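All remarks here apply to the structure that follows.
4 protein chains.
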Amino acid sequence: MTEADELPTNWGRWGADDERGTLNLITDDVRARAVAEARSGRTVSLSRPMPTTPLVAGPAAASGAASTAVLQAGLYTGASPFAMAELVVLMTHSPDVTHFDALAHQVIDGQVYPGKPLDEAGGPAGFRHGSTAIFAQGVVTRGLLLDLAPGAALPAGHGVTGADLDSACDRAGVEVRSGDAIVVRGGWDYAASRDRHLPGMTLDAVSWMHRHDVAVYAGDIGDAHPPVDPRAPGALHRVGLARLGMPLVDVADPEELATACDEEGRYSFLFVAAPPRLGAASGVPVNPLAIF
Amino acid sequence: MTEADELPTNWGRWGADDERGTLNLITDDVRARAVAEARSGRTVSLSRPMPTTPLVAGPAAASGAASTAVLQAGLYTGASPFAMAELVVLMTHSPDVTHFDALAHQVIDGQVYPGKPLDEAGGPAGFRHGSTAIFAQGVVTRGLLLDLAPGAALPAGHGVTGADLDSACDRAGVEVRSGDAIVVRGGWDYAASRDRHLPGMTLDAVSWMHRHDVAVYAGDIGDAHPPVDPRAPGALHRVGLARLGMPLVDVADPEELATACDEEGRYSFLFVAAPPRLGAASGVPVNPLAIF
Amino acid sequence: MTEADELPTNWGRWGADDERGTLNLITDDVRARAVAEARSGRTVSLSRPMPTTPLVAGPAAASGAASTAVLQAGLYTGASPFAMAELVVLMTHSPDVTHFDALAHQVIDGQVYPGKPLDEAGGPAGFRHGSTAIFAQGVVTRGLLLDLAPGAALPAGHGVTGADLDSACDRAGVEVRSGDAIVVRGGWDYAASRDRHLPGMTLDAVSWMHRHDVAVYAGDIGDAHPPVDPRAPGALHRVGLARLGMPLVDVADPEELATACDEEGRYSFLFVAAPPRLGAASGVPVNPLAIF
Amino acid sequence: MTEADELPTNWGRWGADDERGTLNLITDDVRARAVAEARSGRTVSLSRPMPTTPLVAGPAAASGAASTAVLQAGLYTGASPFAMAELVVLMTHSPDVTHFDALAHQVIDGQVYPGKPLDEAGGPAGFRHGSTAIFAQGVVTRGLLLDLAPGAALPAGHGVTGADLDSACDRAGVEVRSGDAIVVRGGWDYAASRDRHLPGMTLDAVSWMHRHDVAVYAGDIGDAHPPVDPRAPGALHRVGLARLGMPLVDVADPEELATACDEEGRYSFLFVAAPPRLGAASGVPVNPLAIF
Numbered sequence: 007m008t009e010a011d012e013l014p015t016n017w018g019r020w021g022a023d024d025e026r027g028t029l030n031l032i033t034d035d036v037r038a039r040a041v042a043e044a045r046s047g048r049t050v051s052l053s054r055p056m057p058t059t060p061l062v063a064g065p066a067a068a069s070g071a072a073s074t075a076v077l078q079a080g081l082y083t084g085a086s087p088f089a090m091a092e093l094v095v096l097m098t099h100s101p102d103v104t105h106f107d108a109l110a111h112q113v114i115d116g117q118v119y120p121g122k123p124l125d126e127a128g129g130p131a132g133f134r135h136g137s138t139a140i141f142a143q144g145v146v147t148r149g150l151l152l153d154l155a156p157g158a159a160l161p162a163g164h165g166v167t168g169a170d171l172d173s174a175c176d177r178a179g180v181e182v183r184s185g186d187a188i189v190v191r192g193g194w195d196y197a198a199s200r201d202r203h204l205p206g207m208t209l210d211a212v213s214w215m216h217r218h219d220v221a222v223y224a225g226d227i228g229d230a231h232p233p234v235d236p237r238a239p240g241a242l243h244r245v246g247l248a249r250l251g252m253p254l255v256d257v258a259d260p261e262e263l264a265t266a267c268d269e270e271g272r273y274s275f276l277f278v279a280a281p282p283r284l285g286a287a288s289g290v291p292v293n294p295l296a297i298f
Numbered sequence: 007m008t009e010a011d012e013l014p015t016n017w018g019r020w021g022a023d024d025e026r027g028t029l030n031l032i033t034d035d036v037r038a039r040a041v042a043e044a045r046s047g048r049t050v051s052l053s054r055p056m057p058t059t060p061l062v063a064g065p066a067a068a069s070g071a072a073s074t075a076v077l078q079a080g081l082y083t084g085a086s087p088f089a090m091a092e093l094v095v096l097m098t099h100s101p102d103v104t105h106f107d108a109l110a111h112q113v114i115d116g117q118v119y120p121g122k123p124l125d126e127a128g129g130p131a132g133f134r135h136g137s138t139a140i141f142a143q144g145v146v147t148r149g150l151l152l153d154l155a156p157g158a159a160l161p162a163g164h165g166v167t168g169a170d171l172d173s174a175c176d177r178a179g180v181e182v183r184s185g186d187a188i189v190v191r192g193g194w195d196y197a198a199s200r201d202r203h204l205p206g207m208t209l210d211a212v213s214w215m216h217r218h219d220v221a222v223y224a225g226d227i228g229d230a231h232p233p234v235d236p237r238a239p240g241a242l243h244r245v246g247l248a249r250l251g252m253p254l255v256d257v258a259d260p261e262e263l264a265t266a267c268d269e270e271g272r273y274s275f276l277f278v279a280a281p282p283r284l285g286a287a288s289g290v291p292v293n294p295l296a297i298f
Numbered sequence: 007m008t009e010a011d012e013l014p015t016n017w018g019r020w021g022a023d024d025e026r027g028t029l030n031l032i033t034d035d036v037r038a039r040a041v042a043e044a045r046s047g048r049t050v051s052l053s054r055p056m057p058t059t060p061l062v063a064g065p066a067a068a069s070g071a072a073s074t075a076v077l078q079a080g081l082y083t084g085a086s087p088f089a090m091a092e093l094v095v096l097m098t099h100s101p102d103v104t105h106f107d108a109l110a111h112q113v114i115d116g117q118v119y120p121g122k123p124l125d126e127a128g129g130p131a132g133f134r135h136g137s138t139a140i141f142a143q144g145v146v147t148r149g150l151l152l153d154l155a156p157g158a159a160l161p162a163g164h165g166v167t168g169a170d171l172d173s174a175c176d177r178a179g180v181e182v183r184s185g186d187a188i189v190v191r192g193g194w195d196y197a198a199s200r201d202r203h204l205p206g207m208t209l210d211a212v213s214w215m216h217r218h219d220v221a222v223y224a225g226d227i228g229d230a231h232p233p234v235d236p237r238a239p240g241a242l243h244r245v246g247l248a249r250l251g252m253p254l255v256d257v258a259d260p261e262e263l264a265t266a267c268d269e270e271g272r273y274s275f276l277f278v279a280a281p282p283r284l285g286a287a288s289g290v291p292v293n294p295l296a297i298f
Numbered sequence: 007m008t009e010a011d012e013l014p015t016n017w018g019r020w021g022a023d024d025e026r027g028t029l030n031l032i033t034d035d036v037r038a039r040a041v042a043e044a045r046s047g048r049t050v051s052l053s054r055p056m057p058t059t060p061l062v063a064g065p066a067a068a069s070g071a072a073s074t075a076v077l078q079a080g081l082y083t084g085a086s087p088f089a090m091a092e093l094v095v096l097m098t099h100s101p102d103v104t105h106f107d108a109l110a111h112q113v114i115d116g117q118v119y120p121g122k123p124l125d126e127a128g129g130p131a132g133f134r135h136g137s138t139a140i141f142a143q144g145v146v147t148r149g150l151l152l153d154l155a156p157g158a159a160l161p162a163g164h165g166v167t168g169a170d171l172d173s174a175c176d177r178a179g180v181e182v183r184s185g186d187a188i189v190v191r192g193g194w195d196y197a198a199s200r201d202r203h204l205p206g207m208t209l210d211a212v213s214w215m216h217r218h219d220v221a222v223y224a225g226d227i228g229d230a231h232p233p234v235d236p237r238a239p240g241a242l243h244r245v246g247l248a249r250l251g252m253p254l255v256d257v258a259d260p261e262e263l264a265t266a267c268d269e270e271g272r273y274s275f276l277f278v279a280a281p282p283r284l285g286a287a288s289g290v291p292v293n294p295l296a297i298f
């Protein structure tokens, strides 16, 4: 196992009480350059549709559920309904739902970014530190598609390295700049492939993100189970999220984006992610947009 | 009560099976003009923070809740937690939460936009027609702030008219164009004022929106209870949403936007709303952004 | 379809506002005779175990669920947990869960027992009339096992008649008396058999219950889908529950009871059902006991 | 603080894997004597009504909630409802709800009864050891009312001792026997009194229960916050539940029982508690009955 003091980190870089992590890298300049990417207004979603299971059903309904990610129940509003409404129950980190990981999601040796003891960061009533509150004004920055396997899929069990990310940049003709959101495509549907030997991010790839000061990671490649690199299992979460303070868009779907980039002939765009203003949580569903 | 055949309507305008309503007005041209509004990248949220009530608490905890809008429970992930997660329970149309009303939310004489019998539109398992699925790619268009009471609040019980909206446009130096999102500010906090005589939208104001082909309505003024116009109670929902097919951002908070517009010296901006991809519901929490 | 005025009914028998239905038949005398059945204290559950689906799981967890009947999430109570707790989400009439149907569960032509318009009986906030509140002091009465297929199962699609119930009484050497709870065994697991042609109760059997003034029905045979008797589909719910006002223990499991009765050499016992004191609902999970 | 090795304990008494704790004391003989207590069939609930908060409400509804103990939402079953149903969300250890504490509820130094490491007892998917599964066949035993303050209430902050319990037995003319359930009345409504200096159980009282081999504790007096005995805070939970393995009926309501005992002229009865068959939880709502 890699020693903790050899791992890249941003603990202390923006102070001992910092809650924004790499969102600090999205400066006014970065934002100004980002909106310049939006020219036609063509818009693409980076989110999977939520797999919703209904919670009410007639007596002859099937009893199981394809997913328990999001449970939905239509509400009674009168014998003659005057309005329709639902109750929704969801787990904030479901592997079937595209969601933002807040910085306190990952615990390392009883601490969360940037070194807060977990009980100081939050409790049964929710998080005071490291929560989804940092997404309150949305995340608006430049986005880049890094397609690791254009028109195809990474091999099973592949460990993505910094060199892989460099190759994707070269193919796209883009250069990652401080404050960018990167959208990584490996051609895998994690939710559908859970029993297979998934490809995943290595520590080398996460170190690459650190060197390039990436602000946000989104992708269809995450931390593989079993790990692709036994010396640094869970590198994206345990290093990228917990040590770099880099928010992750987990379980993103870049397929439609890949098509749009090919059609537009460019791999950069305005990235806008504005989840509901849940304020004391460690995660929240999100539908990030790429606007061309 | 105003007769149904005298009310403005878009039923049939885009076909008998239309699901997009006034989102049809957001054409490629509209979107291209919209992104041109984003110049500095300054971003403002139009959403209230969600009032979250924790669902687990020690024996000495208070028993009540300020709100039942959003219920949150931190989840156990092991005797030494390795990751934090939550279960969230929410009602899609809570008056304490900024949310998008989908077209099937409002039922008129057993029908939803554009005249579908309710049982055809959906059932216990959710909506097949008129659902939140139309927000899948987000809503990206030009936004305008129409401030009805700059620096102040509308009088209690005031019925907002088309003339009021015209005055706001004049003050802002803007002209509403087909496909715009309008953000209306009246200076009221509906959630905090529920027992008071609220100001609200009249049928005249909703007819104005129809004439101007507004695509999306967001505001801190909605349908007052008791109604401001007994001949057309609930005009925004019963006419704007159900007959015009105009999605509503209910319980928006335009206070910060008003400040930003004053500072920027302009009242138009890029409006981006991308709620989670809940697909079979009548509403969904949303955090719309104004990007300057 | 059988005409409504030919159907057995208790509407009006105990007044227009009655909420207890056939529980009125459990008089002091009935209860005194019932407790005399409890001699050894041997106790048997008539409930299926609840099929619980966990709502939190690690990244490698399976995504589906065997059932959405009862959803359970362990709660975080601190970095070092000092107490364990759960959040439970359940649907009150799940076909996988043994539950009591309250009288307002079944709606007939917009009315619930004994003829109340649905909107008078309840609303979005729950039931004022016909709710689970009638189970507040539990249901304590004599129970009888009527085994329709000792050691075996009824044929698929069999329509249970009054003659079938008479035969079961004869085999058991028991006579149904006013106020009794009957526990019917047909040897079917409804939850596991949902796609098969289930046996079910006919109108004739429900009329038999009416003639015998049965107070409570529990059983592994219910209303079959498709119906066994097209002239009176859903007889147990639409006539037994809605017209007789006879509470149903839906999806009971009498297998262990059948064994105990054989061993004890008697088919009568003290029946005790005391669900949680949910007060404004149309149903509630219950674990009825047979005490010998 | 009292040293752990001076505290009464049943760890090891019924083996290292025991899950039943003091329910082991309810032998066939105990049960036979218990049912002999049931003579008239008069039945009294020992449960508070559940305080239910509706989760759907019209636009003019109040936004708060008296309690978040049990959340209920009526379900949509069609434009003309054919059946009524609800979704219920509850926390298993709400201080507003009468519930059974299973043995694994209380964690002592990372262990649960009888000395299992917490991670062996359960995980995010629920409990394998020490769960509510032990209540599957109900709890049927003799019950005794021990009224600590007949017709009145204990003084605020009073620490209940073994001598107090002896006095209550003397007044009632009863003697506690191995396997009994005791129902303790102190005249306090914990749920309504949460900010006051509550009376509570001392270690001395819990040691008394141990000496008398009480099988089940139910009462309106529990563990006070702040503790009545700083040397042994939370004695009922930390010693009675965790070390003795004695299931607790938390937040019981013995007021109606006290009246019934006075009227019946006896303070012993058949105690029956049969919660829903939730199988992997640390607690479950229950409506225990006293049957005379």
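Residue numbers (the working numbering), protein chains in the order written: chain A, 7 to 298; chain B, 7 to 298; chain C, 7 to 298; chain D, 7 to 298. Using N, Cα and C, we set each Cβ at its ideal position, and we do this for glycine too. Source: prediction; values computed, not measured.
Is the beta carbon of N293 of chain D less than 8 Å from the beta carbon of R283 of chain C? Residue numbering aside, residue 293 of chain D sits at position 287 when the fourth sequence is read from its first letter. Residue numbering aside, residue 283 of chain C sits at position 277 when the third sequence is read from its first letter. Contact flag set, yes.
Grab the span of the alpha helix (DSSP H) containing V212 of chain A for me, first residue to last. Indexing the first sequence from 1 puts residue 212 of chain A at position 206. Counting along the chain, the alpha helix (DSSP H) containing V212 of chain A begins and ends at L209 to R217.
N30 of chain C touches chain D at which residues, Cβ-Cβ below 9 Å? Start at 1 with the first residue of the third sequence, and residue 30 of chain C comes out as number 24. Per Cβ cutoff of 9 Å: no residues; N30 of chain C is ~15 Å from chain D at best.
The segment 36 to 66 of chain C: which residues have C-beta closer than 7 Å to a C-beta of chain B, in chain order? L61 and V62
Contact set between the segment 119 to 150 of chain B and chain D, restricted to residues whose Cβ is under 8 Å from the partner: P123, L124, D125, G129 and P130
Beta-carbon within less than 6 Å of D153 of chain A's beta-carbon, same chain only, minus the 5 sequence neighbours each way: which residues are those? One-based indexing of the first sequence puts residue 153 of chain A at position 147. Excluding sequence neighbours, D153 of chain A sits near A174, R191 and A264.
Is it the case that the segment 47 to 61 of chain B contacts the segment 28 to 45 of chain A, given that we only count it when at least three CB pairs across the two stretches are under 8 Å? yes
At 8 Å on the CB atoms, spell out the chain C contacts of L295 of chain D, in chain order. Working through the fourth sequence from its first residue, we reach residue 295 of chain D at position 289. Within chain C, the residues near L295 of chain D are Q143, G144, V146, V278 and A280.
Selection from C:N16, C:P101, C:M97 and C:V41 that minimises the alpha carbon distance to A197 of chain C: Position 191 of the third sequence, counting from 1, holds the residue named residue 197 of chain C. Proximity to A197 of chain C across C:N16, C:P101, C:M97 and C:V41 peaks at C:P101, based on C-alpha coordinates.
So is R202 of chain B buried or exposed if we call it buried at 16+ other beta carbons inside 10 Å? What you label residue 202 of chain B is simply residue 196 of the second sequence in a count that begins at 1. R202 of chain B comes out exposed.
In chain A, which residues lie with their C-beta within 8 Å of the C-beta of P87 of chain D? Counted from its first residue, the fourth sequence places residue 87 of chain D at position 81. In chain order: Y82 and A85.
What residue does the beta strand (DSSP E) around D107 of chain D start on, and which one ends it? Here the question's residue 107 of chain D lines up with position 101 in the fourth sequence. Its beta strand (DSSP E) spans residues H105 to D107.
Look at the alpha carbon of Y119 of chain C and the alpha carbon of S86 of chain A, and state the distance between them as a whole number of angstroms. On the third sequence, position 113 is the one that residue 119 of chain C refers to. On the first sequence, position 80 is the one that residue 86 of chain A refers to. Taking the Cα positions, Y119 of chain C is about 19 Å away from S86 of chain A.
Could you name each continuous alpha helix (DSSP H) segment of 4 residues or more that falls completely within the segment 134 to 215 of chain A, going from the start of the chain to the end? 168 to 178
Report the option in B:I297, B:T104, B:G27 and B:W20 whose CA atom is closest to the CA atom of D195 of chain B. Working through the second sequence from its first residue, we reach residue 195 of chain B at position 189. For the residues B:I297, B:T104, B:G27 and B:W20, the minimum Cα distance to D195 of chain B belongs to B:T104.
Leaving out five residues before and five after E262 of chain D in sequence, what residues of the same chain have Cβ atoms less than 6 Å from its Cβ? Within the fourth sequence, the letter at position 256 stands for residue 262 of chain D. If we look at E262 of chain D and ignore the five residues flanking it on each side, its Cβ neighbours are V50.
Alpha helix (DSSP H) runs wholly inside the segment 30 to 63 of chain C, at least 4 long, in chain order: 34 to 41
For L295 of chain D, the first and last residue of its enclosing beta strand (DSSP E): As a position in the fourth sequence, residue 295 of chain D is number 289, starting the count at 1. Looking at the DSSP string, the run of the beta strand (DSSP E) that includes L295 of chain D is L295 to I297.
Would DSSP call L93 of chain B helix, strand or coil? Here residue 93 of chain B refers to the residue found at position 87 of the second sequence. Of the three classes helix, strand and coil, the one that applies to L93 of chain B here is strand, per DSSP.
Count the other CB atoms, across all protein chains shown, that sit within 10 Å of the CB of F88 of chain A; report buried if there are 16 or more and exposed otherwise. Taking the first sequence and counting its residues from 1, one reaches residue 88 of chain A at position 82. It counts as exposed.
Taking Cβ positions, are H99 of chain B and A280 of chain A nearer each other than 8 Å? In the second sequence, counting from the first residue as 1, residue 99 of chain B sits at position 93. In the first sequence, counting from the first residue as 1, residue 280 of chain A sits at position 274. For H99 of chain B and A280 of chain A, no; Cβs fall outside 8 Å.
Chain D contact residues for A72 of chain B, given Cβ-Cβ distances below 7 Å: In the second sequence, residue 72 of chain B corresponds to position 66, counting from 1. Think of a sphere of 7 Å around the beta carbon of A72 of chain B: the chain D residues whose beta carbon falls inside it are G70, in chain order.
Using DSSP bridges, identify the partner residues of S274 of chain B. The residue given as residue 274 of chain B occupies position 268 in the second sequence. According to DSSP, which records beta bridges pairwise, S274 of chain B is partnered with B:L150.
Give the C-beta separation of V222 of chain B and P253 of chain B to the nearest angstrom, bearing in mind that I take them to be a contact with Cβ-Cβ under 8 Å. The residue given as residue 222 of chain B occupies position 216 in the second sequence. The residue given as residue 253 of chain B occupies position 247 in the second sequence. So it is a contact: roughly 6 Å between Cβ atoms.
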